[in-house]
Amino acid sequence: MLKTIHSHLHKHRHKRLIIALAVFLLILLLIIFLRVYASIRLRNETRADAVPVVRVMTAEQETGMDRIVLPGNVQAWHESPIYARTNGYVKQWYVDIGSRVKTGDLLAVIETPELDAQERQARADLKVAIANNKIAQITAKRWRHLVKTESVSQQETDEKVSIAAAQEAAVYAAQANLQRLQELVGFERVIAPFDGVITDRATDIGDLIDAGSSTSTPPLFRIAQTSPLRIYVKIPQYYSARIKPNMAVTLNFAEHPKQTFPAKLFETAHAIDPKTRTLLAQFTTKNKKGELLPGGYTEVLFTLDVPPNTVILPVNTLLFRAQGLQVAALDKDNKVVLKSITVRRDFGSKIEIATGVMPGDRIILNPPDGIINGETVRVVS
């Protein structure tokens, strides 16, 4: 019986030992699993921490209109100095600065005593030439009849006919000389060449006038046609392709602070000035009321369509590299693609991109200095 009890105790102790060993192994496996899991998690976290975290923006097509203001010079439609075309003295002037005149209006009269005397002499010379021609023609006709009866020689007849022809030519010469002098006498009357306003008068009664223009001879008057007006604007080359026929602009004048004036493109130079890299454009404005004055300055407001594929980026997307200006874009796998760009315009906090970026590209904001092509990044919102 004692042997049976001892055997039973031995079996019970062996069973407890197996259970304890199993629990121990289970705890050991759990500890190993936790350590492995922690190691894997730590490695994954380390790898995740090693991937740069970035914020991105999507490049969008710039819409709307470009509004630019350029300086313009205002000029009269026609402007001309008026000089005397004959020598003499100013007998009378009829207009002063500010006078509005029509084409052909009398501005002044110049007295030319010597020219008047020459005209009178030319009239007398013409009368003499006509009288001489008349008698020469009668004589030549008479001698032609006489030569038929052989009363005079053919030689004498030819001489009379030649004299008649010479006298006829003398009449034409006298008429031409008189006409020339009459035209010169006509220049005694200084008239307006076109409708306009007198902007300057530099003569007075009794002034000695020399014909023609020179640096030492001021013009008698200066006249300007102020309706319409010409507006000349030098347009930067960048905008030249967007200047279209008959395009409208708005004029602003400091002397008319609450008013704007419309103008329309008349013509351009069709060439870029190599010195200034600008396109000279001429606009017109009607100015029927005469409010605007030639010779002044104006600000010309242009409203232009934005070119296609125009993208504007903030300056915090830029990378300054040895290869030039770049931005860091992302492909579909969130890998970095460095793109070289050219800047069209700089607005300070933003730039307009000429080449390198297209609408829809994802661009990294504040990219790290060490970022490289092909690097994988993690995007956060």
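With the UniProt record's numbering, the residue at position 293 of the sequence shown is 293, and numbering never jumps. Cβ coordinates follow ideal geometry from the N, Cα and C atoms, glycine included.
Taking the alpha-carbon positions, what's the residue i to residue j distance?
i: D158; j: A170; result: 18 Å
i: I31; j: N373; result: 43 Å
i: K234; j: V249; result: 14 Å
i: L9; j: F24; result: Confidence is the limiting factor: at L9 the pLDDT is only 49, short of 50, which leaves the residue's position unreliable and the question unanswerable from this model.
i: R362; j: K335; result: 11 Å
i: E150; j: T139; result: 16 Å
i: A263; j: A84; result: 36 Å
i: L2; j: I18; result: Since pLDDT at L2 reaches only 48, below the 50 mark, its modelled position is unreliable, and the value read off the structure follows with that caveat. L2 and I18: Cα-Cα distance of roughly 25 Å.
i: Q155; j: R144; result: 11 Å
i: A164; j: N133; result: 6 Å
Mapping the DSSP letters down to three states, classify residue i as helix, strand or coil.
i: A354; result: strand
i: A375; result: In the sequence under discussion, the amino acid at residue 375 is Glu, which differs from the Ala named in the question. E375: coil per DSSP, three-state reduction.
i: S240; result: helix
i: I73; result: Per the sequence presented here, residue 73 reads as Asn, with Ile not at that position. Correct three-state label for N73: strand.
i: residue 393; result: Lying before the first or after the last residue shown, residue 393 is absent from the chain, which here runs from 1 to 381.
i: S108; result: At residue 108 the sequence reads Ala, which differs from the Ser that was named. Strand.
i: I341; result: coil
Can you name the start and end residues of the alpha helix (DSSP H) that residue i belongs to?
i: L220; result: Looking at the DSSP string, L220 is not in any alpha helix (DSSP H), and its letter there is neither H nor E.
i: D116; result: 113-148
i: T157; result: 154-186
Residue range of the beta strand (DSSP E) that residue i falls in?
i: A59; result: Looking at the DSSP string, A59 is not in any beta strand (DSSP E), and its letter there is neither H nor E.
i: G196; result: 196-201
i: I312; result: 311-314
i: I191; result: 189-191
i: I364; result: 362-365
i: D305; result: 297-305
Given residue i, which residues of its chain have a CB within under 6 Å of its CB, disregarding the five upstream and five downstream residues?
i: D125; result: A174
i: V53; result: R378, V380
i: E352; result: I312, R344, R345
i: T342; result: A354, T355
i: Q75; result: R230, P294
i: V337; result: A329, D331
i: M247; result: L265
i: N73; result: Y232
With a threshold of 7 Å on Cβ separation, who are the neighbours of residue i within its own chain once the five nearest residues in sequence on each side are excluded?
i: K339; result: Q326, V327, A329, G356, V357
i: E267; result: Q282
Note down, in chain order, each residue of its chain lying with its Cβ closer than 8 Å to the Cβ of residue i, except the 5 sequence neighbours on either side.
i: D305; result: M65, D66, R242
i: D210; result: A84, N87, T217
i: N309; result: Q61, M358, P359
Under 8 Å: do the segment 93-108 and the segment 187-199 share three or more Cβ pairs, one atom per stretch? Output reads yes: the segment 187-199 touches the segment 93-108.
May I ask you to verify whether the segment 119-139 touches the segment 176-183, counting CB pairs closer than 8 Å and requiring at least 3? Output reads yes: the segment 176-183 touches the segment 119-139.
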